[in-house]
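> Before I ask anything, let me first share the structure, which is written out below as structure tokens.
2 protein chains.
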Amino acid sequence: MNILVVGSIALDSVETPWGSANDSPGGSALYFSSAASFFAPVNVVGVVGTDFDFKAVDFLRQRSVNFDGIDQQEGLTFRWGGRYHMDLNQRDTLFTDLNVFENFNPKIPEFYRNSDLVFLANIDPDLQMQVLRQIPRPKLVILDTMNFWITGKRKSLDEVIGQTDVLILNDEEARMLTDTGNLITAGRRILERGPKFLIIKKGEHGAVLLHDNSYFSAPAYPLEKVVDPTGAGDSFAGGFVGYIAHTGKIDEPTMRRAIIYGSTVASFNVEDFSFRRLVSLNRKEMEARVDDFSRITVY
Amino acid sequence: MNILVVGSIALDSVETPWGSANDSPGGSALYFSSAASFFAPVNVVGVVGTDFDFKAVDFLRQRSVNFDGIDQQEGLTFRWGGRYHMDLNQRDTLFTDLNVFENFNPKIPEFYRNSDLVFLANIDPDLQMQVLRQIPRPKLVILDTMNFWITGKRKSLDEVIGQTDVLILNDEEARMLTDTGNLITAGRRILERGPKFLIIKKGEHGAVLLHDNSYFSAPAYPLEKVVDPTGAGDSFAGGFVGYIAHTGKIDEPTMRRAIIYGSTVASFNVEDFSFRRLVSLNRKEMEARVDDFSRITVY
């Protein structure tokens, strides 16, 4: 199976207590691709400015990531700046310069339209719907979103959630979307709104998968040193969708294993700035950590 | 193996959005005993007033809980009143009347002194040390504490932690005790201070066990309706220590399974006020939920 991802492409400037990185390639589409491309071919749709240096992401081309759907527009690439503190769960946004991303108008190239798995990264739900209208029904639509759209574009978001097979949220978003405190109840309610599968990410507490009456809980990998949490969610999604594409199976047991692969890739991603660690990572290291995961929950 | 528990005995008045209960038997020693007595004989040390009605805890006697170490003093039993809100993680204490508990002076009866497993429930660390000084070194000392003693009696607490084999904390307390944000780092540092095993409870996110270089993560049971969270921690400890006593084995693999039993008993306990649910609970129901647990993490 191959994968279509539609999302942001950015140049990130990040400060943490352990250092900083300026104008490093980032954005949901690139973090996702860096992870998913370990497993399957990825077709990217996004927008960059004339300042974007494709050499910085050349390793992705070598991993069967197709950039032909990236629109290069006159102007500057989307830039985001943020600062993390010792408590990595809190971050300050220092600046958000949308630049060419402000008028992002995703167009799916003809040769991308039969992608099997479609990951709609966290962008305006109106644009997410615009993507779905351009393509035949894929085998699986996976959706990410955030609190900004839950409060600001609820009607559009509900529409795209209704077209979604796998919804990925964090715990705060799941509670916000259903206005309920109990995470299990929140999850059950979301499953009544369209998605057949719901993944709730809980940061250092791992992730859970809800589907019909089944419930799966995955631990987080016990990392003592997180250098840069940027892109953790998108690299998780990339590992998750990539693993499904690799197996070619769309069922609950496969998704359980896919969550372990997503968690594994995300745990490597946060060990360095940008997606540097995913450039150097090899499959042997990845499989070793997947094995570690199985030892964490066995009893 | 048999068990000694030293802790509070209280009459609790609890209000929740789903109802209330007045002057119900509670306190760490009774919650612990209600859980542990499913697995092994329990010897209780505590103090009550002349108003305490032992008939309310007669079911414990039938489960081999020995109350001969309970000191009945002139005066009133310790009373605690609390109110929970829709977000059950927050509670308001309405009143705390220590009464006879104020001068609790735990004396371990001669016939209790060779208890194999000693659970020091959350009381003043000076009293916890006083207990340990009265008895020969047990096979296993399990300690609970709280933020109040971490900030208020740190020196005494550090002393008793140095004598502890298994320390049970929640995530906030683990971070507070080590002044560090990363829970794994916090855990490793605590293991350098004496305890061979550390359990960090994370409420709806489950619990983790740290020991040498091993790491175990247990999910929480996915409960949609929690009626009264009072006693969750002590019934967890009761199930945990009880299971170890039952198996007679003190090693890491046994403790992993003991955490699943502790989590199971605690998940029943919060389904009703006081420990009512642990009165009606039978082993068949418990084992069915233990089986459910194994399906939550398998992949």
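Chains as they are written, first to last, in our numbering: chain A, 1 to 299; chain B, 300 to 598.
All C-beta atoms in this analysis are idealised placements derived from N, C-alpha and C, irrespective of residue type, glycine included.
In chain B, which residues lie less than 9 Å from Leu177 (chain A) when you measure between Cβ atoms?
The premise fails here: Leu177 (chain A) is roughly 16 Å from chain B at the closest Cβ pair, so nothing lies under 9 Å.
> Along the chain, where does the alpha helix (DSSP H) containing Pro552 (chain B) start, and where does it finish?
Its alpha helix (DSSP H) spans residues Glu551 to Asn568.
> For a quick check, are the C-beta atoms of Val227 (chain A) and Val270 (chain A) less than 9 Å apart?
Yes, these two residues count as a Cβ contact at 9 Å.
> Buried or exposed: which applies to Phe95 (chain A), given that a residue is buried once 16 or more other Cβ atoms fall within 10 Å of its Cβ?
By the neighbour-count rule (16 or more Cβ atoms within 10 Å), Phe95 (chain A) is not buried but exposed.
> Which residues in chain A sit within 7 Å of His504 (chain B), going by Cβ to Cβ distance?
Ordered by position in chain A, the residues that pass the 7 Å Cβ test against His504 (chain B) are Lys202 and His205.
> Inspect the beta-carbon positions of Leu416 (chain B) and Val305 (chain B) and report whether they are closer than 9 Å.
Not a contact, by the Cβ cut-off of 9 Å.
> Output the residue ranges of the alpha helix (DSSP H) runs that lie fully inside the region 216-248 of chain A and measure 4 residues or longer, sorted by chain position.
Within the region 216-248 of chain A, the complete alpha helix (DSSP H) runs of at least 4 residues are 232-247.
> Does the separation of the CB atoms of Gln72 (chain A) and Val48 (chain A) fall below 9 Å?
Yes, they are a contact pair.
> Starting from Trp149 (chain A), trace the alpha helix (DSSP H) in both directions and tell me its first and last residue.
Segment Asn147 to Gly152, the alpha helix (DSSP H) holding Trp149 (chain A).
> Chain B beta carbons: is any one of them nearer than 9 Å to that of Thr247 (chain A)?
No, its Cβ sits nowhere closer than 9 Å to a Cβ of chain B.
> Return the residue from the list A:Ala35, A:Ala10 and A:Ser263 that minimises the CA-CA distance to Leu281 (chain A).
Taking only the C-alpha atoms, the option nearest Leu281 (chain A) is A:Ala35.
> Looking at C-alpha atoms only, which residue of B:Leu522, B:Asn404, B:Trp379 and B:Phe410 is the closest neighbour of Leu397 (chain B)?
The option with the nearest alpha carbon to Leu397 (chain B) is B:Trp379.
> Against chain B, which members of the region 211-223 of chain A pass a CB distance test of less than 9 Å?
For the region 211-223 of chain A, which is checked against every Cβ of chain B, the residues closer than 9 Å are Ser214, Tyr215, Phe216, Ser217, Ala218, Pro219, Ala220, Pro222 and Leu223.
> Looking at C-beta atoms only, is the number of pairs between the region 436-444 of chain B and the region 464-477 of chain B that lie closer than 8 Å three or more?
A contact exists between the region 436-444 of chain B and the region 464-477 of chain B.
> Quick check: is the beta carbon of Met385 (chain B) nearer than 9 Å to any beta carbon in chain A?
Yes, its Cβ sits closer than 9 Å to a Cβ of chain A.
> Assuming Tyr215 (chain A) contacts Ile595 (chain B) under a Cβ cut-off of 8 Å, what Cβ separation, rounded to an integer in Å, is found between them?
So it is a contact: roughly 6 Å between Cβ atoms.
> To be precise: take each residue of the region 171-196 of chain A, compare its Cβ to all Cβ atoms of chain B, and keep it if any distance is under 8 Å. Which residues remain?
Listed by position, the residues of the region 171-196 of chain A near chain B (Cβ gap below 8 Å) are Gly181, Asn182, Leu183, Ile184, Thr185 and Arg188.
> Please list the partners that Thr596 (chain B) has in chain A, where partner means a Cβ-to-Cβ separation under 7 Å.
Result: Ser217 and Thr297.
> Using 10 angstroms around the beta-carbon of Pro552 (chain B), count the other beta-carbons present and answer buried if the total reaches 16, otherwise exposed.
Exposed is the call here.
> Assess contact between the region 74-89 of chain A and the region 16-23 of chain A, defined as three or more Cβ pairs (one per stretch) separated by less than 8 Å. Is contact present?
Touching, yes.
> Tell me which residues share the same chain as Arg113 (chain A) and place their Cβ nearer than 8 Å to its Cβ, disregarding the 5 neighbours each side in the sequence.
If we look at Arg113 (chain A) and ignore the five residues flanking it on each side, its Cβ neighbours are Gln134, Ile135 and Pro136.
> From Ser319 (chain B) to Ile422 (chain B), what does the alpha carbon distance come to, in whole angstroms?
Distance between the alpha carbons of Ser319 (chain B) and Ile422 (chain B): 26 Å.
> Of all the alpha helix (DSSP H) runs that stay within the bounds of the region 270-298 of chain A, which reach a length of 4 or more residues?
Counting whole runs of 4 or more residues, the region 270-298 of chain A contains the alpha helix (DSSP H) stretches 276-280 and 283-297.
> State the beta-bridge partners of Trp300 (chain A) as determined by DSSP.
Only positions 1 to 299 of chain A appear in this structure, which leaves residue 300 (chain A) out of reach.
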